[in-house]
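Comments concern the structure below.
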Amino acid sequence: MIVHFIRHAQAIKRSSTVPDELRYLSCRGRKRFRKVSCSLHKQKIDPDYIFASTKTRAVQTADILAETLGFQGEVIVTPLLNDFSLQSLNDLLQQYPSAEEFAIVGHDPDFSSAVRQLLNLSSCTVTKGCVVTLNIITDQQTLKADMTSLITGGAKTVCNPHKAIAWLQKDHKNMQEGEPKCLIP
Numbered sequence: 028m029i030v031h032f033i034r035h036a037q038a039i040k041r042s043s044t045v046p047d048e049l050r051y052l053s054c055r056g057r058k059r060f061r062k063v064s065c066s067l068h069k070q071k072i073d074p075d076y077i078f079a080s081t082k083t084r085a086v087q088t089a090d091i092l093a094e095t096l097g098f099q100g101e102v103i104v105t106p107l108l109n110d111f112s113l114q115s116l117n118d119l120l121q122q123y124p125s126a127e128e129f130a131i132v133g134h135d136p137d138f139s140s141a142v143r144q145l146l147n148l149s150s151c152t153v154t155k156g157c158v159v160t161l162n163i164i165t166d167q168q169t170l171k172a173d174m175t176s177l178i179t180g181g182a183k184t185v186c187n188p189h190k191a192i193a194w195l196q197k198d199h200k201n202m203q204e205g206e207p208k209c210l211i212p
């Protein structure tokens with residue numbers, strides 16, 4: 028099962044006037060995620076389902092993805108992605124057993140934690156608008172995964188699994204201004 032973990036694109040800043048669940052994508056977030064979606068389209072991804080959390084910014088990100096891919100189905104909005112965990116992923120896998128490929132749009136720190144656990148990493152950061160594509164291996168008791176590829180929030184594609192994992196393990200918050208954020212040569 029191929030699962031594309033997509034952290035929602037950049038949203039408006041937190042404020043006292045807009046509740047968190049209603050925060051929507053910023054202009055920059057929409058523009059950047061359209062580029063990310065185009066990269067996914069070039070890779071010819073073909074999800075059976077696109078899922079999004081109930082938060083506005085995740086639904087908008089999923090809608091951009093669906094439109095860019097020419098997705099024929101409906102985006103499935105589910106509270107399972109609001110507080111995502113490996114149990115949430117397992118629930119989706121059990122609810123849609125015939126699916127071969129999913130795209131799920133959600134939030135951090137949930138996605139970073141899930142990807143870290145699936146890949147057995149010591150640290151992991153899924154940045155805004157980033158797509159982490161994993162091949163999920165499941166048996167009755169456990170979920171594991173192999174890294175397939177990564178697309179950064181800036182739409183740079185990392186197809187080498189080792190470089191993609193290294194990118195996920197970088198401390199993106201503490202990088203100096205102007206320092207390259209991608210490991211692609």
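Residue numbers (the numbering used here): 28 to 212. In this text, a Cβ means the ideal position worked out from N, Cα and C, and glycines have one as well. As the structure is a computational prediction, the values presented were derived from the model and not from experiment.
In the DSSP assignment, the beta strand (DSSP E) including F3 goes from what residue to what residue? The structure shown does not extend to residue 3, since the chain spans only 28 to 212, so no value can be given for it.
Suppose contacts are defined by Cβ-Cβ distances below 8 angstroms. Is A93 in contact with V102 by that definition? yes
So R41 is in the beta strand (DSSP E); what residue range does that whole segment cover? First-last for R41: undefined, no H or E at that position.
Give every residue of the same chain whose Cβ lies closer than 8 angstroms to the Cβ of D73, excluding the five residues on either side of it in the sequence, and list them in chain order. L96 and E128
So who's on the other strand from M28, going by DSSP bridges? Paired residue(s): none; M28 is not in a bridge.
Note down, in chain order, each residue of its chain lying with its Cβ closer than 8 angstroms to the Cβ of R61, except the 5 sequence neighbours on either side. I91 and T95
Is the beta carbon of L116 sitting closer than 8 angstroms to the one on V159? no
Taking three-plus beta-carbon pairs below 8 angstroms as touching, is the segment 126-140 in contact with the segment 32-41? yes
Taking 8 angstroms as the limit between beta carbons, can you name the residues of its chain near C209, skipping five residues before and five after? Only weak support is given to the placement of C209: the predicted model assigns it a pLDDT of 41, under 50, and the value that follows is read from those uncertain coordinates. Taken in chain order, the residues that qualify are T179, G181, K183, V185 and W194.
From I15 to V45, what does the alpha carbon distance come to, in whole angstroms? Outside the displayed span of the chain (28 to 212) sits residue 15, for which this structure offers no information.
I need the straight-line Cα distance from S43 to R57, nearest angstrom please. Answer to the nearest angstrom: the Cα atoms are 23 angstroms apart.
Using DSSP bridges, identify the partner residues of G133. R34
Once DSSP output is grouped into helix, strand and coil, what is the label at V86? The three-state secondary structure of V86, taken from DSSP, is helix.
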